[in-house]
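Engineer: Sharing a structure with you now.
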Amino acid sequence: MASSDSSSNSKLRRRYLKRKQAEKFSSHLKNQRYQDEIYSVRNNDHKLASTPPDENSEKCRTSRLYQVWVLLMLGLVVLITNLFRLQILQGKELQKLAQKQHTIESNPFIPRRPIVDRNGNLLAIDQIAYTLYAHPKIFNRQKQEVANKLSTVLEGASLKKNLTSNDLLQMFHQRETGIKIVEYIPQETANKITDLFIDGLELIQHSQRLYPQKELVAEIVGYVDGESKGQAGIEYSQQNLLERSMGAIKFRRLIKGVLVPDKLTRGFLQLDDLSLHLTIDSPLQRSVRAILQKQLEKYDAKRGTVIVMDATDGSILSLVSEPSYNPNKYYNYDVTLFKNWAVTDVYEPGSTFKPINVALALEVGAIEEDSVFYDTGRIRFDRWSIFNSGGGGGARTVTQIIQHSSNIGMVKIVEEMPRAVFYDGLKRLELDSITGTDLPFEAANILKGRNQFLMVPVEAATTAFGQGFSLTPLKLAQLHAALANGGKLVTPHVVRGLFDSKKQPYWQLPMREPKQVFSVDTTRKVLAMMEKVVESGTGKRARLRGYRIAGKTGTAQKASDTGGYSDDARITSFVGILPMESPRYVVLAVIDEPIKGTGGKVAAPVVKSVIKSLINIEQIPPSSIRSK
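517 is the number that full-length UniProt numbering gives to position 517 of the sequence shown; each next residue is one higher, with no gaps.
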């Protein structure tokens, strides 16, 4: 048993050893294979690294380099193109833009030239004024105290608006800074505000147009707005003469934003001493306004105007339109007052036009000064009836027709002329155009068309006594000036020109050549007829002892808004010419819608009073002295 067991163990041991050897050999074989694989990989890598690139790899690299080169070239082309555009094509423009960013142009405020009358009396001038701003956040006193003290100071100043302490307090509560309180504060009031020593009240200086004479010449001079631009009168029509010309000043911006003047020329701020001289006489203007205001009040009239013209050249010595306004406070008035209705409105002149029609008839030889016509008192044209206010007068000379203002007599005088000749005469007087005055917004006169005038008989008939057409008061004054100066149509004007401080002319108003519309003989005959009107006719209330005056009354119905003529509304007028020995002055008064009265009763006394003032100012001697 023992031997058998031993033999069995020996076999088992040998098997164990063989298994171990087999496992060891297998492990060695695996290690050998692993090393061989590593060697093979390393050997292959070495072969790959040492092998030269193939043809495809070379083409790929070349393609990439070419693409990079093309992109670089395109970028260079774009860069050169932009440089060419910026430096060559847009260089000057960009340079200007750069300069503009670093420079600022500013137009300095230059005062407007003064306006004076023919005697040098000041009518308009620029002065220093202030605008007040409040900054409540830096007040050094209570808001209520500031409001109380400031309202007391502002109360005594003539300002656009009256501000109470409560008004100011409400404004102070609007915001903390930059509150605009009031404009156009005069220097005296500005000094009082400064003397309050209140922090947070800021005064900004600016210029203001001052009209020392207030309403006196408002209809002539006009006014300027807050931007110093003329809005009416001479301030508007002569804007170019009143504005001083000066180029803009350039300021250069420094690094820190500070502005300094750039390239200033010597004396760039020196102002000329020129002023605009008018033909207006202020003392006469003041007298005329007082006379007109009194008469308008007496007859409760809607409005009125008076014109005093020198017939030799058309210069206007006085032109008053009522009601008027104060140009220093234009903002307080209705805009309808800003127009000068003697220039801007037309009306039917009525009988004041009769001497003009007589002159036309005399000029063409249709009548003689001693021609006689039978005044029936009434005449009919189809459905229209024309009549005299005082009935018929029987046989009357041309002088008597003018003296008593006969409508029927005038119709018969005009009928002596062919209608075409009459119409051409009216056209020659420029009744369908304007006078060409230097005052702005002149209305064109209105005359019926030629065909209507020639085809409808009543048109010539109504024109004979001053109805059926319209003109401005200024045009009527111009026509009567032609009767006074020997038949010349002169241009009405108020501007003399620009004069320096030594009264030497710098520029004078160019005047058109006067147009001869009547002969001297015709005007002499018509003036003699008009003198009879004042001596013993409808214009007796204009008679003045010691002076020979020619004149003509006018009382015309006003056109109704619904057509035809109003039964109640009338416009009365009177025109006077003096002195008869050497006619020079034309005085026209027009009173619109008086409650009662005629031209002889309402307007003639106005002209008489104005003539008295004119005689005193112009030192016109009495006729008895002139005749010696």
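The beta carbon of each residue, even a glycine, is placed where N, CA and C say it ideally should be.
I'd like the span of the beta strand (DSSP E) that includes residue 505, first residue to last.
Structural biologist: Where residue 505 is concerned, the enclosing beta strand (DSSP E) stretches over 505 to 508.
Engineer: Do residue 546 and residue 705 come within 8 Å of each other at the CB atom, strictly closer than that value?
Structural biologist: Because residue 705 is not part of the residues shown, which for the chain are 1 to 628, the question remains open.
Engineer: Would the stretch 509 to 524 count as touching the stretch 484 to 495 if we require 3 or more Cβ pairs under 8 Å?
Structural biologist: Yes, they touch.
Engineer: When the Cα atoms are used, what is the spatial distance from residue 204 to residue 303?
Structural biologist: Taking the straight line joining both Cα atoms gives about 41 Å.
Engineer: Give me, in chain order, the residues of the same chain whose beta-carbon lies closer than 7 Å to that of residue 597; leave out the 5 immediate sequence neighbours on both sides.
Structural biologist: 299 and 572.
Engineer: Note down, one range per segment and in chain order, each alpha helix (DSSP H) of at least 4 residues found wholly within the stretch 369 to 412.
Structural biologist: Runs found: 398 to 403.
Engineer: Put residue 346 into one of helix, strand or coil per three-state DSSP.
Structural biologist: The answer is coil: DSSP assigns residue 346 none of H, G, I, E or B.
Engineer: Would you tell me roughly how many angstroms separate the C-alpha atoms of residue 153 and residue 187, rounded to the nearest one?
Structural biologist: Distance between the alpha carbons of residue 153 and residue 187 is about 12 Å.
Engineer: Determine, using beta-carbon pairs with one atom in the stretch 401 to 412 and one in the stretch 521 to 535, whether at least three such pairs fall under 8 Å.
Structural biologist: Yes, they touch.
Engineer: Within 8 Å, do at least three Cβ pairs link the stretch 591 to 608 to the stretch 353 to 360?
Structural biologist: Cβ pair count under 8 Å is below three, so no.
Engineer: Cα-Cα, which of 243, 458 and 219 is closest to residue 337?
Structural biologist: Measuring from the Cα of residue 337, the nearest candidate turns out to be 219.
Engineer: Using C-beta distances below 6 Å, list every residue in its chain close to residue 184, excluding the 5 sequence neighbours before and after it, in chain order.
Structural biologist: So the qualifying residues of the chain are 129 and 208.
Engineer: Whole angstroms are fine: how far does the CA of residue 495 sit from the CA of residue 507?
Structural biologist: Between residue 507 and residue 495, the C-alpha separation is close to 11 Å.
Engineer: Pick helix, strand or coil for residue 488, following the three-state DSSP scheme.
Structural biologist: Strand at residue 488.
Engineer: With distances taken from CA atoms, which of 141, 477 and 582 is nearest residue 317?
Structural biologist: Checked all of 141, 477 and 582; the closest Cα to residue 317 is 477.
Engineer: Output the distance between the C-alpha atoms of residue 610 and residue 381, rounded to the nearest integer angstrom.
Structural biologist: So the two alpha carbons sit approximately 40 Å from each other.
Engineer: Among the candidates 182, 132, 365 and 241, whose CA atom is the shortest distance from the CA of residue 161?
Structural biologist: Minimum Cα distance to residue 161 is reached at 182.
Engineer: Here's the rule: buried if 16 or more other CB atoms are within 10 angstroms of the residue's CB, otherwise exposed. What is residue 41?
Structural biologist: Residue placement at residue 41 is poorly supported in this model, since its pLDDT is 46, which falls under 50; the coordinates still yield a value, given next. With fewer than 16 Cβ atoms within 10 Å of its Cβ, residue 41 is classed as exposed.
Engineer: Would the beta-carbon of residue 451 fall within 8 Å of that of residue 470?
Structural biologist: No, these two residues do not count as a Cβ contact at 8 Å.
Engineer: Please report the residue range of the beta strand (DSSP E) in which residue 309 lies.
Structural biologist: First-last of the beta strand (DSSP E) with residue 309: 303 to 310.
Engineer: Is it right to say residue 367 is buried, meaning 16 or more other beta carbons lie within 10 angstroms of its own, or is it exposed?
Structural biologist: The residue is buried, with at least 16 neighbouring Cβ atoms inside 10 Å.
Engineer: Which complete alpha helix (DSSP H) runs does the stretch 431 to 500 hold, if anything under 4 residues is left out?
Structural biologist: Taking only runs of at least 4 residues, the alpha helix (DSSP H) segments lying wholly in the stretch 431 to 500 are 450 to 455, 457 to 464 and 473 to 484.
Engineer: Among all the DSSP beta bridges, which residues are the ones paired with residue 587?
Structural biologist: According to DSSP, residue 587 bridges with 308 and 576.
Engineer: Would you mind working out which of 157, 578 and 594 sits nearest residue 613, comparing C-alpha positions?
Structural biologist: Of the listed residues, the one whose Cα sits closest to residue 613 is 578.
Engineer: Could you give the residue range of the beta strand (DSSP E) that holds residue 209?
Structural biologist: Run containing residue 209: 201 to 210, per the beta strand (DSSP E) assignment.
Engineer: Less than 8 Å between the beta carbons of residue 285 and residue 606, yes or no?
Structural biologist: No, the pair does not count as a contact, with Cβ atoms beyond the cut-off.
Engineer: With the cut-off set at 8 Å, would you say residue 142 and residue 169 are in Cβ contact?
Structural biologist: Cβ atoms of residue 142 and residue 169: not closer than 8 Å.
Engineer: For residue 131, collect the residues of the same chain with a Cβ closer than 6 Å to its Cβ; drop the 5 residues on either side in sequence, then sort them by chain order.
Structural biologist: Same-chain partners within the cutoff: 183 and 204.
Engineer: Among 278, 216 and 231, which residue has its Cα nearest to the Cα of residue 631?
Structural biologist: Only positions 1 to 628 of the chain appear in the structure, and residue 631 is not among them; the question remains open.
Engineer: Helix, strand or coil for residue 293 per DSSP?
Structural biologist: Helix.
Engineer: Let me confirm a value: residue 616 is counted as buried when at least 16 other C-beta atoms fall within 10 Å, else exposed. Which label applies?
Structural biologist: Answer is exposed; the Cβ neighbour count stays below 16.
Engineer: With a 10 Å radius around its C-beta and 16 neighbouring C-beta atoms as the bar for buried, classify residue 73 as buried or exposed.
Structural biologist: Classification of residue 73: exposed, given that the 10 Å Cβ count is below 16.
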